[in-house]
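Residue numbers (the numbering used here): 373 to 911. Note that the Cβ used here is the ideal one computed from N, Cα and C, for glycine as well. Predicted model, so just to flag it, every value in this text is computed and none were measured. A short worksheet on the structure shown next.
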């Protein structure tokens, strides 16, 4: 950008470059007469662009250092333009279209010619398309007669900082908000998991707010919460990577039947069933607790920015967002990311036991495991011995990290009393394991041990690899949190599972396939800082 501005300044005949040319001209014309120097000074003050073929240029201010475009003097001058003002308007339109929209207001202050050219629709259509992904949507602006410049200046540019992924501050429950440009609107979509336990179904979306330009010369914010249509709302942006929404007409959220009707409607939308269909008493309490807690906000929420992790060739599978089963708490959204020899799953939505923002799973990619045959897989005791053997090694390894690795896998021989344990592989082998996993087509049979509870009995019966890992469990209110051992099962690039040994339960995870724009982390350092902040919000 600095280079481009310097070139523009040089072509415009402004700044130090003009003085440099002036000194060169004086040094070369020491023997010229005083009359010639006076003529040169007079040319500096002439009005730029007064030609019959350039009516736009006739309105420009006087510019120093420009040459007239006609006459004998012009023909004797250099063949190339001495200033941006000498370029044809169509060339200037092409140049200005390639500049960021934030630079165009300052450019319009240079002269009247630039200001008039910057009213060209082509420039702002290109800015809307390149900066905000508006291509087909721009046709709608033509239909309603809205100039692209108005759309950019009064809607897209002022609210550009709220585009992307956000996590709402709803206590332990969290959430996932995606703010996007959608047609002539900016819409905040709240992403909801599918109804429990259909984890492989697509995500559901609910609009929470929208911003539009239907009223002339003004961007309007509307709350979309409730069942009475759009109504007045407000958005406040204060701190960096944070904004708040406020509903100015919360009566639109109320229903004629009172709280009972609101609860029944919420339950059907959230869970896809009625309270009578849920026979588990503890689950009924959790659902009622969530309704009471979340409905008190009335869509007056604070959001904090979150990023998607970067994908590296050494990753075991493509990182990103997954939805998974969490027992009586239903389906929750987690973010899978890779950090050297560790894979981490962070909750974006949570529950009263383990809230959003906490590290729900941590997988040690240095410790792969080889499952026994199906008959021994069905035996919970044997699977527990396999995992606990590696767990004890991991604890010893944390005390003595300098122990040299001797093997890459831990095997459980058929009929063995214990496990054939092996030290962990070195960190340099993690990339090789990931490459092997992505290239191999070999799979091994998989079945859940008897006695392990699963919300969804429909899970893959083959897997690619297994690893030792730990899961976070806690009491109500996130009391007495602890990490317990478990088995991470990689089915394919879009699905994995985790067996919680202590809970004797199985969580099944499926990739979130929605396209989420403007969500990639700018660098790994920013992503790591975001994860630390997320944990501090709910710790």
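From what residue to what residue does the alpha helix (DSSP H) around residue 889 run? It is not in any alpha helix (DSSP H) - residue 889 carries neither H nor E in the DSSP assignment.
Checking the sheet assignment: what are the DSSP bridge partners for residue 578? 562
Buried or exposed, going by whether 16 or more other CB atoms sit within 10 Å of the CB of residue 472? exposed
Alpha carbon of residue 470 to alpha carbon of residue 463, nearest angstrom: 11 Å
Nearest to residue 730 by CA position, among 719, 738 and 737, is which residue? 719
Just to confirm, are residue 550 and residue 888 a CB contact at a threshold of 7 Å? yes
N- and C-terminal bounds of the beta strand (DSSP E) containing residue 454: Segment: none, residue 454 is in no beta strand (DSSP E) and carries neither H nor E.
Rounded separation between residue 626 and residue 501 - CA only: 39 Å
Endpoints, alpha helix (DSSP H) assigned at residue 499: 493-504
With DSSP collapsed to three states, give me the class of residue 723. coil
Ranges of the beta strand (DSSP E) found wholly within the segment 685-710, counting only runs of at least 3: 692-697
Could you work out which residue in 823, 694, 752 and 710 is closest to residue 687 when comparing CA atoms only? 710
Confirm, please, whether the CB-CB distance from residue 606 to residue 593 is below 7 Å. yes
When the Cα atoms are used, what is the spatial distance from residue 646 to residue 639? 6 Å
Beta-carbon spacing of residue 873, residue 726 below 7 Å: no
With 16 other CB atoms within 10 Å as the buried threshold, where does residue 835 fall? buried
Quick check: the Cα distance between residue 597 and residue 580, rounded to an integer number of angstroms? 5 Å
Report yes if the CB atom of residue 715 is closer than 7 Å to the CB atom of residue 721, and no otherwise. no
Once DSSP output is grouped into helix, strand and coil, what is the label at residue 532? helix
Sorted by chain position, which residues of the same chain lie with C-beta nearer than 7 Å to residue 839's C-beta, five sequence neighbours on each side aside? 735, 736, 737, 739, 740, 741 and 860
Sort out for me which residues DSSP pairs residue 603 with in a bridge. 595
Along the chain, where does the alpha helix (DSSP H) containing residue 637 start, and where does it finish? 630-643
For residue 714, write down the residues that DSSP places opposite it in a beta bridge. 711 and 736
Cα-Cα, which of 677, 694, 568 and 689 is closest to residue 649? 568
For residue 615 versus residue 584, is the C-beta distance shorter than 7 Å? no
Any contact of the segment 846-859 with the segment 815-827, i.e. 3+ C-beta pairs under 8 Å? no
Residues near residue 892 by beta carbon distance below 6 Å, same chain, minus five either side: 680
Residue from 865, 886 and 871 whose Cα sits closest to the Cα of residue 858: 871
Please state whether DSSP places residue 768 in a helix, a strand or coil. helix
With H, G and I counted as helix, E and B as strand and the rest as coil, what does DSSP make of residue 567? coil
Taking residue 913 as the reference, give the member of 578, 603 and 832 with the closest Cα. Residue 913 cannot be examined here, being either before or after the span of the chain that is shown, 373 to 911.
Bridge partners for residue 539 per DSSP, in chain order? 676
For a quick check, are the C-beta atoms of residue 700 and residue 654 less than 7 Å apart? yes
Does the distance from the CB of residue 915 to the CB of residue 694 come in under 7 Å? The displayed coordinates of the chain run from 373 to 911. Any statement about residue 915 would go beyond what the structure contains.
Chain-order list of residues whose beta-carbon lies under 6 Å from that of residue 608 (same chain, five-residue window excluded): 616
Using DSSP with H/G/I as helix, E/B as strand and the rest coil, what is residue 864? strand
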